[in-house]
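Trainee: Count the sequence shown with the numbering used here and you get residues 1286 to 1359, in order.
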Amino acid sequence: MCWSRVVDCLGILTGAQLFSLSKDELKAVCGDEGSRVYSQISVQKAQIERSYGNSELEEIMKRRQREVDAFTWD
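1. Given a cut-off of 7 Å on the beta-carbon distance, is the pair L1303 and I1326 in contact?
2. Would V1322 be called buried (16 or more neighbouring beta carbons within 10 Å of its own) or exposed?
3. Residue range of the alpha helix (DSSP H) that L1303 falls in?
4. Pop quiz: L1342 and E1334 are said to be a contact at Cβ under 8 Å. What is the actual Cβ separation, rounded to whole angstroms?
5. Should C1287 be labelled buried (16 or more other beta-carbon atoms within 10 Å of its own) or exposed?
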């Protein structure tokens, strides 16, 4: 699977949704590139946790999820 296909498949997700995906879920969606995508997401998540602290990241993710949930119900 080429990167443009990966972007097409995952581009509709929020950051919180991307961060919540497991390696197996990414493999199911992205095929052979799933492991690579998971690795890149893990690196980004670790950098955010170091920059903002884990509790702040969790709060941001919860807030984003509430926004997504509210948008879905509108």
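Where a beta carbon is used, it is the ideal one built from N, C-alpha and C, also for glycine.
Mentor: Working from what's here:
1. Residue 1303 sits at position 18 when you count from the first residue of the sequence shown. Residue 1326 sits at position 41 when you count from the first residue of the sequence shown. Cβ distance < 7 Å, so L1303 and I1326 count as in contact.
2. On the sequence shown, position 37 is the one that residue 1322 refers to. Residue environment: V1322 is assigned as buried (16 or more neighbouring CB atoms within 10 Å of its CB, all protein chains considered).
3. Here residue 1303 corresponds to residue number 18 of the sequence shown, with the count starting at 1. For L1303, the enclosing alpha helix (DSSP H) has its first and last residue at 1300-1305.
4. Within the sequence shown, residue 1342 is the residue found at index 57, counting from 1. Within the sequence shown, residue 1334 is the residue found at index 49, counting from 1. So it is a contact: roughly 5 Å between Cβ atoms.
5. Indexing the sequence shown from 1 puts residue 1287 at position 2. In summary, C1287 is exposed, with fewer than 16 beta-carbon neighbours lying within 10 Å of its beta-carbon over all protein chains present.
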